[in-house]
Amino acid sequence: MENTLQLINEQAPVFFSSFSTDEPAGEVKALKAMAPAQFNLTDMVNKEPITIDSIFLEEVTFENECGEMERGIRTVIFDEMGRTYQTSSMSIVNSLRRILQIKKGSINGLKVKVSTVQTKKGYRAFILIPA
21 MENTLQLINE
31 QAPVFFSSFS
41 TDEPAGEVKA
51 LKAMAPAQFN
61 LTDMVNKEPI
71 TIDSIFLEEV
81 TFENECGEME
91 RGIRTVIFDE
101 MGRTYQTSSM
111 SIVNSLRRIL
121 QIKKGSINGL
131 KVKVSTVQTK
141 KGYRAFILIP
151 A
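First residue of the sequence shown: 21, per this note's numbering; consecutive thereafter.
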């Protein structure tokens, strides 16, 4: 399956999917990804591994702690059972970027655990580690 980076229209945000959205099944899956996910990925820290079936990333606008509107990336991971996990953590995006580079874009079937690391500034960052 070919990785895609698509612009729906000039008004819509950009999204990336590890699955094709050219067929009706892929369109339905993308729409499911745009809906609220079943689980928050950050609630899965140190829990059972997730077997990735596919991923979906989209640009979103959200209100930050100061009440200002900010742009970010919402990540949705589909597991092998079709369950969805979401996060807006940029450290997860960075983890996925590194995994995609190493795996040459193929992540189907990869088992990962969600973990945390402390940043130099003392913040907690979420990461994905192969299980």
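Don't be surprised by glycine CBs; every beta carbon is placed ideally from N, CA and C.
Predicted model only: the values in this text are computed from it and were never measured.
- As a beta-bridge residue in DSSP terms, SER74 pairs with PHE98.
- About 14 Å separates the beta carbon of ALA55 from that of SER37, a gap too long to meet the 8 Å contact definition.
- Inter-segment contact for the stretch 133-143 and the stretch 71-90 is absent: fewer than three beta-carbon pairs are separated by less than 8 Å.
- Put simply, the backbone Cα of ILE93 is about 10 Å away from that of VAL34.
- Short of 6 Å from the beta carbon of ILE70, and not among the five residues preceding or following it, lie these beta carbons of its own chain, in chain order: ASP99 and VAL132.
- For ILE112, there is no enclosing beta strand (DSSP E); the residue is found in the alpha helix (DSSP H) stretching over 110-122.
- Inclusion of ILE75 and LEU130 in the CB contact set at 8 Å is not warranted, their separation being larger than that value.
- In terms of Cβ geometry, THR95 and ILE119 do not form a close pair [threshold 8 Å].
- Rounded to whole angstroms, TYR105 and GLY46 show a C-alpha spacing of 18 Å.
- Classified as exposed, MET89 has fewer than 16 neighbouring CB atoms from the shown chains inside 10 Å of its CB.
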